[in-house]
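Report on one structure; see the data block that follows.
Residue numbers (the working numbering): 1 to 259.
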């Protein structure tokens, strides 16, 4: 009888120990899982923390023609013109912490009348002055490009390309064209949106094509149809100021409003 009691007590003690060990393992696993989740949350927060940068350049008398070159692997580019005759450019750039850790701080250079910004991934709001004509070349592998050329814009040739993404260009009738300029918009996969109101005395030509997708053109006077994807003003080629627009999507859409 004594032996049975001893065996039962020993068995119970073993069970208690096993249960305790299992409980410790479960609690430890939960604690470790919680710690890992917390660590991952902190890492995500750190890596995605936005960092803002400011760049600018001005001159009492800006050069007659300035070139803006933008190249981003990914991101968003917004370009507008402001009422400031001494401003060459002002640029507000936002990048996340992980990108900065991997690629360093973004930089903008200005030399030989050329503004250059090349970086991996960022959002860039760019403001150009009213005292110079601008040639604009902007390229992004993935993202969006939007140019608003309004009252204070003085435009020379413009080229906007998004390998995958959205390209948008807005020209108002209050902008100034530097002679006969070209506007080239392209995307491999994405969409192109154009809203052009010709400045007074300027003429225009537009050609929009898509290999796989659609082209939607809404013209009004003084634009006339040449073909289903081509429109011109009757005086194109004979005015001092003109804009020759070409928009092409390999896969995607081209939408244009012409007035």
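Beta carbons: idealized from backbone N, C-alpha and C, even for Gly. The model shown is predicted, which means the values in this text are computed figures rather than measured ones.
{"query": "Which class does residue 94 belong to by DSSP, given the choice of helix, strand or coil?", "result": "strand"}
{"query": "Spatial neighbours of residue 220 within its chain, please: C-beta separation below 6 angstroms, excluding the five flanking residues on both sides.", "result": "259"}
{"query": "Please state if the CB of residue 92 and the CB of residue 56 are separated by a distance shorter than 7 angstroms.", "result": "no"}
{"query": "At which residues does the beta strand (DSSP E) containing residue 219 begin and terminate?", "result": "203-219"}
{"query": "Can you give me the Cβ contacts of residue 176 inside the same chain, cut-off strictly under 6 angstroms, excluding the 5 residues immediately before and after it?", "result": "154"}
{"query": "On the criterion of 16 or more Cβ atoms from any shown chain inside 10 Å, does residue 109 qualify as buried, or is it exposed?", "result": "exposed"}
{"query": "Rounded to whole angstroms, what is the Cα-Cα separation between residue 180 and residue 147?", "result": "19 angstroms"}
{"query": "Would DSSP call residue 83 helix, strand or coil?", "result": "coil"}
{"query": "Tell me where the beta strand (DSSP E) around residue 180 begins and ends.", "result": "180-196"}
{"query": "With a CB to CB cut of under 6 angstroms and the five nearest residues on each side skipped, what residues in its chain are close to residue 138?", "result": "70, 77, 145, 160"}
{"query": "Are three or more beta carbon pairs between the stretch 247-259 and the stretch 206-220 nearer than 8 angstroms?", "result": "yes"}
{"query": "Find the nearest neighbour of residue 101 within the set 196, 48, 194, judged by alpha-carbon distance.", "result": "48"}
{"query": "Compute the beta-carbon to beta-carbon distance between residue 229 and residue 252, rounded to the nearest angstrom, for a pair I have assumed lies under 8 angstroms.", "result": "Actually they are not in contact, since the Cβ atoms of residue 229 and residue 252 sit about 14 angstroms apart, beyond 8 angstroms."}
{"query": "Ordered along the chain, which non-local residues of its own chain (more than five positions away) have a Cβ less than 7 angstroms from that of residue 129?", "result": "62, 82, 84, 85, 86, 87, 88"}
{"query": "Is residue 151 helix, strand or coil by DSSP?", "result": "coil"}
{"query": "By DSSP, does residue 49 sit in helix, in strand, or in coil?", "result": "coil"}
{"query": "Counting only C-beta atoms, is residue 63 closer than 7 angstroms to chain C at any point?", "result": "Of the chains in the structure shown, none is chain C; there is only one protein chain."}
{"query": "Is the separation between the beta-carbon of residue 197 and that of residue 163 shorter than 7 angstroms?", "result": "no"}
{"query": "Quick one: is residue 167 buried, meaning 16 or more other Cβ sit within 10 Å of its Cβ, or exposed?", "result": "buried"}
{"query": "According to DSSP, is residue 239 helix, strand or coil?", "result": "coil"}
{"query": "Should residue 111 be labelled buried (16 or more other beta-carbon atoms within 10 Å of its own) or exposed?", "result": "exposed"}
{"query": "Does the beta-carbon of residue 158 have 16 or more other beta-carbons within 10 angstroms, so that it is buried, or is it exposed?", "result": "buried"}
{"query": "Since residue 210 and residue 249 are thought to touch, with beta carbons under 8 angstroms apart, how far apart are those beta carbons, to the nearest angstrom?", "result": "4 angstroms"}
{"query": "Excluding sequence positions up to five away, which residues of its chain have a Cβ less than 7 angstroms from the Cβ of residue 152?", "result": "81, 82, 83, 130"}
{"query": "What first and last residue would you give for the beta strand (DSSP E) that runs through residue 228?", "result": "Where residue 228 is concerned, there is no enclosing beta strand (DSSP E), given that its DSSP letter is neither H nor E."}
{"query": "Which whole-angstrom value is the C-beta distance of residue 67 and residue 96, which I expect to be below 8 angstroms?", "result": "Contact doesn't hold; Cβ gap of about 29 angstroms is too wide."}
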